[in-house]
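Novice: Numbers in the numbering used here are just positions in the sequence shown, counted from 1, shifted up by 110.
Each residue gets a CB set at the ideal place from its N, CA and C atoms; glycine is no exception.
Just so you know, these numbers come straight off a predicted model, no measurement behind them.
I'd like to ask you about the structure that follows.
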Amino acid sequence: MNKNAFKPVLGLIAIILGFVIYKHLDLRTMTLKDPWMDALYIITLVICIFLLFRSRGQSSKELEK
């Protein structure tokens, strides 16, 4: 399967998770509404961003060859 097909999906997931985390963050007290769920959201966001940038690096290396 084409790895480039996952980039828009991962990007959309990262945007949605970032928005949810922002909405759950109370800026006055710097606390989260549901810490356990938000921790899961943050971990998933980091994994999505890692996969996005990792796939970007691999595609640029393939172009150099």
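#1: Please report the Cβ distance between I152 and I131, rounded to the nearest whole angstrom; I am assuming they are in contact, meaning their Cβ atoms lie under 8 Å.
#2: If you run the structure through DSSP and keep just helix, strand and coil, what is D148?
#3: Check whether the Cβ atoms of L142 and D148 sit closer than 8 Å, and answer yes or no.
#4: Mapping DSSP to helix, strand and coil, what is L120?
#5: Quick one: measure Cβ to Cβ for L162 and A124, integer angstroms, because I've assumed they're closer than 8 Å.
Specialist: Walking through what the data contain:
#1: 6 Å
#2: helix
#3: yes
#4: helix
#5: 7 Å
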